[in-house]
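Visitor: Protein chains in written order, with this note's numbering: chain A, 1 to 186; chain B, 1001 to 1186; chain C, 2001 to 2186; chain D, 3001 to 3186.
1) Among all the DSSP beta bridges, which residues are the ones paired with residue 1137 (chain B)?
2) Using a C-beta to C-beta distance shorter than 7 Å, which residues of chain D count as neighbours of residue 2130 (chain C)?
3) Does any CB atom of chain D fall closer than 9 Å to the CB of residue 150 (chain A)?
4) Could you give the DSSP three-state label for residue 1005 (chain B): helix, strand or coil?
5) To the nearest whole angstrom, what separates the beta carbons of residue 137 (chain A) and residue 46 (chain A), a pair I think is in contact under 8 Å?
6) Please check if any C-beta of chain A sits within less than 9 Å of the C-beta of residue 1161 (chain B).
7) Quick check on the DSSP output: what are the complete alpha helix (DSSP H) runs of length 4 or more inside the segment 3009-3079 of chain D, in order along the chain?
8) Between C:2123, C:2154 and C:2106, which has its C-alpha nearest residue 77 (chain A)'s C-alpha?
9) Between residue 2009 (chain C) and chain F, is there a C-beta pair that is closer than 9 Å?
10) Which one of D:3081, D:3002, D:3044 and D:3168 has the shortest CA to CA distance from residue 3055 (chain D)?
11) If you draw a straight line from the alpha carbon of residue 1038 (chain B) to that of residue 1128 (chain B), how long is it in whole angstroms?
12) Can you list, in chain order, the residues of its chain with a C-beta nearer than 6 Å to that of residue 2142 (chain C)? Leave out the 5 residues immediately preceding and following it.
13) Just the chain D side, please: which residues come within less than 8 Å of residue 1102 (chain B) by C-beta, in chain order?
14) In chain B, what lies closer than 7 Å to residue 88 (chain A) by C-beta?
15) From what residue to what residue does the alpha helix (DSSP H) around residue 1100 (chain B) run?
16) Tell me the rounded alpha-carbon separation between residue 2110 (chain C) and residue 89 (chain A).
17) Between the segment 1013-1043 of chain B and chain C, which residues of the former have a C-beta closer than 7 Å to a C-beta of the latter?
18) Taking DSSP's pairing of strands, which residues face residue 1130 (chain B) in a bridge?
19) So with Cβ pairs under 9 Å, would you call residue 2053 (chain C) a contact of chain B?
20) Can you tell me whether DSSP reads residue 85 (chain A) as helix, strand or coil?
21) Can you tell which of A:169, A:52, A:113 and A:63 has the C-alpha that lies nearest to the C-alpha of residue 132 (chain A)?
22) Give me the DSSP bridge partner(s) of residue 3125 (chain D).
23) Counting only the same chain and skipping the five closest in sequence on each side, list residues whose C-beta sits under 6 Å from that of residue 2019 (chain C).
24) Using 9 Å as the threshold, is the C-beta distance between residue 1003 (chain B) and residue 1171 (chain B) below it?
25) Give the range of the alpha helix (DSSP H) segment to which residue 157 (chain A) is assigned.
26) Given that residue 49 (chain A) touches chain B, what residues does it touch there, using C-beta distances under 8 Å?
27) At a CB-CB cut-off below 8 Å, which residues of chain C make contact with residue 117 (chain A)?
28) Compare the Cα-Cα distances from residue 2084 (chain C) to each of C:2100, C:2167 and C:2116 and report the closest residue.
29) So residue 119 (chain A) is in the alpha helix (DSSP H); what residue range does that whole segment cover?
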């Protein structure tokens, strides 16, 4: 919702100004992004909604970002699907894979024996996939990107940030461009 | 952004369910709104952006609602326009009007004498109009509506809530309808 | 931090009032809690800091409460301890226990084989214990209590809410008392 | 609440580490403050409660900082006191002072004539003093300090930030010291 135009409108109501030439909006966004301390509020009027499927250990980090809205597949109300993350290079006959399969076997036995789903899920590892909807404004998105694109971030999470950055650059080219140069320093 | 469909998608990802008949989504929203405690997160995926013009005393109450994004016309960067709220029934020759006019006269004199705008605005009363952009999700909007439609709310603020409710009912008829019956009890 | 006195001060600055008799503060808190819509801001000035140790599946629900601060034991930086939740009535020779032990055995083998901790944790189930520090104001605490004391909440989470309510009643007897009667309806 | 110790505990639970020598905690805080992107969550466990009295135009900027709790003297429930900001160098016989006095004269006439306080306040200028209680964690406090200590901030607001910084340095000397050197670059 909104895109670069929402950022510009948010800024121009403050200054009651209008663009005088074609590049004015782009220069305005560049200044807002580059200033220290940054002007966060103008970036909050553009809002994204994403559908995400990722391992639980990635989702746990993700949901620590509190300025956003989440709704996640509930393993209290739904049975888990047999889908889990296998790191690159791990073969199908690896003990890792055997263990993940065994955990789903046990999970299904526990359910068949009358355990509640909310309790049986205790045996499912953090590599199991979950799904959620994530609604987030561009400011909070950039905060997540900055943290998750960092070289110290977990690579499995960074892959999602890389993909999200590419979409961000398509949808809000001016703002994302200013972010990449001013904040990421690329 | 989103409308009733965003609420339904937020809920259905939790339960991994699909609507089986035409009224299923409406019944789902009704249940989510009616339950105690309410399920707030599903209502956060629908987002509104409003342009508001109101007296400063209304804006001050409004901006106490923190789960939202605001950008306001700045009286540091722009000179104030001579526009202020006059309560119904107050005549053009009322001392109230004379005083508001005198405050703008003084404001302009102070600016002409070299005062900074940010300091000269000290003489302008809370009845002066301001403008802002308000981006808010449907959950936070309903919290504002509930508080500002209350009979104890200031009537000048309630008028804005009445107008916003009518727009809410047009844009998200199912969710707004459930809100009006379950929360407002109308 | 603060206790009942912080709530009273928050309210009395609004009204610029003072207690005229010994029961005045208690009646004031009762009215604030009982009114519809509730006055949330006055309850935000009392702040709690808790140390929590719980299964990951409980922590995941807990951290969905966003108006709070969390710092959790990181399985990126620390190796996991062999501690996990065993539901009441599950015997030491139950396949559940055997599986949880097997998951730690594999986890340790993976670490020994050079896997990073952040990746090896994928095999550890949601029943494994985690620890975190939780800083939360009384308003957000009550929202968590209301949701987690609900009969539909997961029993493993409800136990924590029961324990927290007892502490809340000790530390802020007047506010917690009004909460129990007005909101929980007990 | 908490002080430097709360920051240290928040960080040490992540790493499950303990200080090995007297300077270890100070070096830990220094690293957390200096890293890019900064680790905000550990700074959220220390919480401050302030009593503030300031002109309305300062309060309006202040309350735009949303990660905090506010309760303000209400001009719906209390009559305004005749107290307003007079910039340095403005004499007692200045038109500014005369106008502020006239606004209170009119305000009192309107009240005497039966106007509601909530409406009569419309004539009172933004230089009138208000009071509020502000509960804020150290992270959000530092964000406010960074923005309000900036040379471009309004001087009337900067004075409050200067005073708050001095108190911050007394109460949390290690964290505030790291903030001053790493963030403010002083």
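Ideal Cβ positions, reconstructed from N, Cα and C, are used throughout, including at glycine.
Predicted, not measured: the structure shown is a model, and the values here were computed from it.
Guide: Taking the geometry as given:
1) Taking the first residue of the second chain as position 1, residue 1137 (chain B) is located at position 137. In DSSP, residue 1137 (chain B) forms a bridge with B:1047.
2) By one-based count along the third chain, residue 2130 (chain C) stands at place 130. Within 7 Å Cβ-Cβ: nothing; residue 2130 (chain C) doesn't reach chain D, min ~10 Å.
3) Residue mapping note: residue 150 (chain A) aligns to position 150 of the first chain, counting from 1. Yes, residue 150 (chain A) counts as interfacial toward chain D.
4) For the purposes of this step, residue 1005 (chain B) is taken as the residue at position 5 of the second chain. In the structure shown, residue 1005 (chain B) adopts helical secondary structure according to DSSP, grouped into three states.
5) Position 137 of the first chain, counting from 1, holds the residue named residue 137 (chain A). Position 46 of the first chain, counting from 1, holds the residue named residue 46 (chain A). Contact between residue 137 (chain A) and residue 46 (chain A) holds: their C-beta atoms lie close to 6 Å from each other, under 8 Å.
6) Here residue 1161 (chain B) is taken as the residue at index 161 of the second chain, counted from 1. For residue 1161 (chain B), the answer is no, since every Cβ of chain A falls outside 9 Å of its Cβ.
7) 3024-3034 and 3056-3062
8) Numbered from its first residue, the first chain carries residue 77 (chain A) at position 77. When only C-alpha atoms are compared, the closest one is C:2154.
9) Structure shown: chain F not included; protein chains present are A, B, C and D.
10) Within the fourth chain, numbered from 1, the residue matching residue 3055 (chain D) stands at position 55. The residue with the shortest Cα to Cα distance from residue 3055 (chain D) is D:3081.
11) Sequence index remark: in the second chain, residue 1038 (chain B) carries index 38 (1-based). Sequence index remark: in the second chain, residue 1128 (chain B) carries index 128 (1-based). Taking the straight line from one Cα to the other gives about 38 Å.
12) The residue labelled residue 2142 (chain C) in the question sits at position 142 within the third chain. Excluding residues within five positions, the ones whose Cβ falls inside 6 Å are 2179.
13) Taking the second chain and counting its residues from 1, one reaches residue 1102 (chain B) at position 102. In chain order: 3099 and 3102.
14) Mapped onto the first chain, residue 88 (chain A) falls at position 88. Within 7 Å Cβ-Cβ: nothing; residue 88 (chain A) doesn't reach chain B, min ~28 Å.
15) Sequence index remark: in the second chain, residue 1100 (chain B) carries index 100 (1-based). Start and end: 1095-1112.
16) Looking up residue 2110 (chain C) in the third chain gives position 110. Looking up residue 89 (chain A) in the first chain gives position 89. Residue 2110 (chain C) and residue 89 (chain A): Cα-Cα distance of roughly 14 Å.
17) 1037
18) Against the second chain, residue 1130 (chain B) aligns to sequence position 130. Partner(s): B:1054.
19) Translated into the one-based positions of the third chain, residue 2053 (chain C) becomes position 53. So no, residue 2053 (chain C) is outside the interface.
20) To locate residue 85 (chain A), count along the first chain from 1; it is residue 85. Here DSSP, grouped into helix, strand and coil, assigns residue 85 (chain A) to coil.
21) Sequence index remark: in the first chain, residue 132 (chain A) carries index 132 (1-based). That would be A:52, whose Cα lies nearest to the Cα of residue 132 (chain A).
22) Here residue 3125 (chain D) corresponds to residue number 125 of the fourth chain, with the count starting at 1. Answer is B:1125.
23) The residue given as residue 2019 (chain C) occupies position 19 in the third chain. Hits under 6 Å: 2025.
24) Locating residue 1003 (chain B) in the second chain gives position 3, counting from the first residue. Locating residue 1171 (chain B) in the second chain gives position 171, counting from the first residue. Taking 9 Å as the Cβ cut-off, residue 1003 (chain B) and residue 1171 (chain B) qualify as a contacting pair.
25) Here residue 157 (chain A) is taken as the residue at index 157 of the first chain, counted from 1. 155-171 is the span of the alpha helix (DSSP H), which, as asked, contains residue 157 (chain A).
26) Within the first chain, numbered from 1, the residue matching residue 49 (chain A) stands at position 49. Within chain B, the residues near residue 49 (chain A) are 1001, 1002, 1006 and 1045.
27) Mapped onto the first chain, residue 117 (chain A) falls at position 117. Near residue 117 (chain A) there are no residues of chain C at all, since even the closest Cβ is about 10 Å away, more than 8 Å.
28) Counting from 1 along the third chain, the entry for residue 2084 (chain C) is found at position 84. Minimum Cα distance to residue 2084 (chain C) is reached at C:2100.
29) Taking the first residue of the first chain as position 1, residue 119 (chain A) is located at position 119. Run containing residue 119 (chain A): 117-120, per the alpha helix (DSSP H) assignment.
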